[in-house]
Amino acid sequence: MRDTGVGLKQWGSRHADTLLTVAYAALGMILAALGFSLEWRPAAPDAPVGIDLALIGVLAVIHLFRLRRTTLCLALSVGLVAADAIVFGSTPIGAFILVADLVYLLGRDDDRRVVDVLWYVSAATALAAALLLATSAAPLVAPFAVIPMTLAISLWWGRSVRAPRVEAERERARAEAIERAVDADQARALAEERLAIARELHDVLAGDLAAIALRSEIALRRGGGDDPVVRESLEQVRTAAHDAIGNVRRTIGALRDPGDSAAPGMLLENWRDVVEQARAVGIDITLSESGDTRALRGDIDLALARLVREALTNVRKHAPGARVIMVLDIDENALSLTVTNAIVVEGAASTRDARLTGGLGLVGARERARLLGGTVEAGPIDDEWVFAARLQLTTRLEAAP
Numbered sequence: 001m002r003d004t005g006v007g008l009k010q011w012g013s014r015h016a017d018t019l020l021t022v023a024y025a026a027l028g029m030i031l032a033a034l035g036f037s038l039e040w041r042p043a044a045p046d047a048p049v050g051i052d053l054a055l056i057g058v059l060a061v062i063h064l065f066r067l068r069r070t071t072l073c074l075a076l077s078v079g080l081v082a083a084d085a086i087v088f089g090s091t092p093i094g095a096f097i098l099v100a101d102l103v104y105l106l107g108r109d110d111d112r113r114v115v116d117v118l119w120y121v122s123a124a125t126a127l128a129a130a131l132l133l134a135t136s137a138a139p140l141v142a143p144f145a146v147i148p149m150t151l152a153i154s155l156w157w158g159r160s161v162r163a164p165r166v167e168a169e170r171e172r173a174r175a176e177a178i179e180r181a182v183d184a185d186q187a188r189a190l191a192e193e194r195l196a197i198a199r200e201l202h203d204v205l206a207g208d209l210a211a212i213a214l215r216s217e218i219a220l221r222r223g224g225g226d227d228p229v230v231r232e233s234l235e236q237v238r239t240a241a242h243d244a245i246g247n248v249r250r251t252i253g254a255l256r257d258p259g260d261s262a263a264p265g266m267l268l269e270n271w272r273d274v275v276e277q278a279r280a281v282g283i284d285i286t287l288s289e290s291g292d293t294r295a296l297r298g299d300i301d302l303a304l305a306r307l308v309r310e311a312l313t314n315v316r317k318h319a320p321g322a323r324v325i326m327v328l329d330i331d332e333n334a335l336s337l338t339v340t341n342a343i344v345v346e347g348a349a350s351t352r353d354a355r356l357t358g359g360l361g362l363v364g365a366r367e368r369a370r371l372l373g374g375t376v377e378a379g380p381i382d383d384e385w386v387f388a389a390r391l392q393l394t395t396r397l398e399a400a401p
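Reminder that position 190 of the sequence shown reads as 190 in full-length UniProt numbering, one-by-one numbering, no gaps.
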C-alpha cells in the first residue's frame, strides 16, 4: 500500500501540469453545464451547452502547451473566445478560467511586451465599463468589468510570484560579480608578488651568479689552470654558474609571464642536460625511459629537472663512483622517476649518511612534488639507495602556503 502511494505521488508530480489543465477544464465544463456564462448580447438566445463544452475542450487542449508557447496559446485562446462571443453572444466562465491562467503565466515569466499590451487592454476595458455604466447600458457593464478584473488579477498574481525569483537571480548575479572581483584582486596581488620575487631574483641572485662566473673565468686566465685539478674545478664552477644563471632567467621569465610556462620540448632539453652534466663529472648513469617526454607542461619540466638534479647531486656527494640506474616512466596521468645507486662505496661516506647531513635538498624536492600533487621518497632498500618521485600530470601548480 505504501509503495502504491509513493508511486501515485511520483506519477502526480510528473504529470502535474496536465492534471492542472484537466482540473480547469472539468471546473469550466461543470460551470457551463450549470449555465454560468457572460452575456454580451442579452437579447440573443443562449448558446447551446454543447458549444460551450466544445469551446472549453479546445481551450484545454491549447492550454496543455502553455509552458512552451505561452504567448501563442493566449493569442489562440483569445481569438476563439472572441469568435464565440461574436457568433453566440456569450462566453462560458470556464473559458475565462483557462485564459486567466495563461495571463498569469505571462506575468510570471515576464514577456514584457505582451504584459504591457495586457495592461493596456485591461485599462481600456475598465474605461469601457465605466462609460457603459455612465450611459446606462447596465447589461453590458458586467462582462466588460470582468475582463479587466481577470487580466489585472492574473497579471498581479504572476508578477507577485515572479518577484522573489527575480530578486534571487539578482542576488546570484551580485554574488558572482563579487566573486569575480575577488578573483581579480587575488590574481592582481599574485602577479604583483611574482613580479616582486622576479625583481629580487634578478637584482640579487642573478648578479651574484654572474660575479661567480666572471671570477672563475678570471682565475682561469690568470694561471689558475696550471694545476689540472684546480683548472677542472674552476671550469665546473664556471659551467655551473652559467647554468644557474640560465635557470634563474627562466624562473624570472616564468614569474613574469606564468601563462607561458608550458613550452613544448622544454622538458626533454632540461632534464637531459642535467643527466649529461652529471655524466661529464664522472657519474655512470644507465637511463631507461618510456612515454612521450616532449609534450609536458613547463612546471612539470622544471620540477623534473630539479628532481633529477637533486637525486644525482646526492649520488655525487655520498656515493661517488657508484653506478646509477635511472628509470623515467610517463603516461597520460603521471610521471614516475626512480634513481637507484649502491649504498656503500669505498673512499666515501655511506649513502645512509645523507640523512645526517641536513637533507634540505630532499625537503625542497618533496615540497616541489607536493605542489604538483606528487610525492618524493628516498631511502635504503636492501643494499641500494632509492630516490623515487611521482608527479601528477593532471594537476595544476598550486600556490605555496
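In this text, a Cβ means the ideal position worked out from N, Cα and C, and glycines have one as well.
All values reported here derive from a predicted model rather than from experimental measurement.
As a quick exercise: from 92, 16 and 36, pick the residue whose alpha carbon is nearest that of residue 58.
It is 92 whose Cα lies nearest to the Cα of residue 58.
I need the straight-line Cα distance from residue 230 to residue 222, nearest angstrom please.
In this structure, the CA atom of residue 230 is about 12 Å from the CA atom of residue 222.
What does DSSP give as the partner residue(s) for residue 341 in the beta ladder?
324 and 385
Please list, in chain order, all residues of the same chain as residue 275 whose beta carbon is under 8 Å from its beta carbon, the five residues on each side excluded.
285, 287, 308, 312 and 326
For residue 301 and residue 271, I'd like the C-alpha separation in whole angstroms.
8 Å
Using a Cβ-Cβ cutoff of less than 8 Å, which residues in the same chain neighbour residue 209 once the five nearest sequence positions on both sides are dropped?
Same-chain partners within the cutoff: 241, 244, 245 and 248.
Closer than 8 Å by C-beta to residue 51: which residues in its own chain qualify, once you throw out the five before and the five after it? Chain order, please.
84 and 88
Let me know the secondary structure DSSP gives residue 183 once reduced to three states.
helix
Kindly indicate which three-state DSSP category residue 335 falls into: helix, strand or coil?
strand
Do residue 391 and residue 372 have their C-beta atoms closer together than 8 Å?
yes
Indicate whether residue 330 and residue 380 have their beta-carbon atoms separated by less than 8 Å.
no
Name the DSSP bridge partner or partners of residue 392?
DSSP, once it has assigned bridges, lists 334 as partnering residue 392.
Best match in 100, 199, 328 and 166 for proximity to residue 109 [C-alpha to C-alpha]:
166
Cβ neighbours of residue 394 in the same chain (closer than 7 Å, five flanking residues each side left out):
333
Rounded separation between residue 76 and residue 62 - CA only:
8 Å
In chain order, each beta strand (DSSP E) run of at least 3 residues that lies wholly inside the region 268-294:
You should have 284-290.
Is it right to say residue 282 is buried, meaning 16 or more other beta carbons lie within 10 angstroms of its own, or is it exposed?
exposed
Alpha-carbon to alpha-carbon, residue 387 and residue 319
Rounded to the nearest whole angstrom, the C-alpha separation of residue 319 and residue 387 is 13 Å.
Compute the Euclidean distance between the alpha carbons of residue 389 and residue 67, then round it to the nearest angstrom.
Between residue 389 and residue 67, the C-alpha separation is close to 59 Å.
Reference residue 253, options 200, 227, 291 and 228, closest by Cα
It is 200.
Residue 378 vs residue 306 beta-carbon contact at 8 Å:
Contact flag unset, no.
Sequence-distant residues of its chain with Cβ nearer than 6 Å to residue 310 (five each side left out):
361 and 365
Using DSSP bridges, identify the partner residues of residue 228.
The partner list for residue 228 (beta bridge, DSSP) is empty, contrary to what the question assumes.
Closest to residue 383 by C-alpha separation, out of 368, 30 and 340, would be which residue?
340
By Cβ distance, which residues of its chain are closer than 7 Å to residue 403, with the 5 residues on each side in sequence left out?
Since the first residue of the chain shown is 1 and the last is 401, residue 403 is not available in this structure.
Is it buried or exposed, residue 37, if we count other Cβ atoms within 10 angstroms and call 16 or more buried?
buried
Using the three-state DSSP reduction, which class does residue 263 fall into: helix, strand or coil?
For residue 263, the pLDDT reaches just 42, beneath the cut-off of 50, and the residue's location in the model is therefore unreliable, although a value from the coordinates is still provided. Correct three-state label for residue 263: coil.
If you run the structure through DSSP and keep just helix, strand and coil, what is residue 38?
strand
Can you tell me which of 172, 95 and 90 puts its alpha carbon nearest to the alpha carbon of residue 411?
Because the chain here runs from 1 to 401, residue 411 falls outside it and cannot be looked at.
Taking 8 Å as the threshold (C-beta atoms), are residue 29 and residue 55 in contact?
no
Three-state class that DSSP yields for residue 379 in the structure shown
strand
Along the chain, where does the beta strand (DSSP E) containing residue 92 start, and where does it finish?
Here the beta strand (DSSP E) through residue 92 covers 90-92.
Within its chain, find whatever has a CB closer than 7 Å to the CB of residue 81; leave out the 5 residues flanking it on each side and keep chain order.
91, 95 and 99
Taking the alpha helix (DSSP H) that residue 54 belongs to, which residues open and close that run?
49-63
7 Å CB neighbourhood of residue 184 in its chain, flanking five on each side removed:
none
Say yes only if the C-beta of residue 179 is nearer than 7 Å to one or more non-hydrogen atoms of the ligand NAD, and no if none qualify.
No copy of the ligand NAD appears in this structure; indeed no ligand is present at all.
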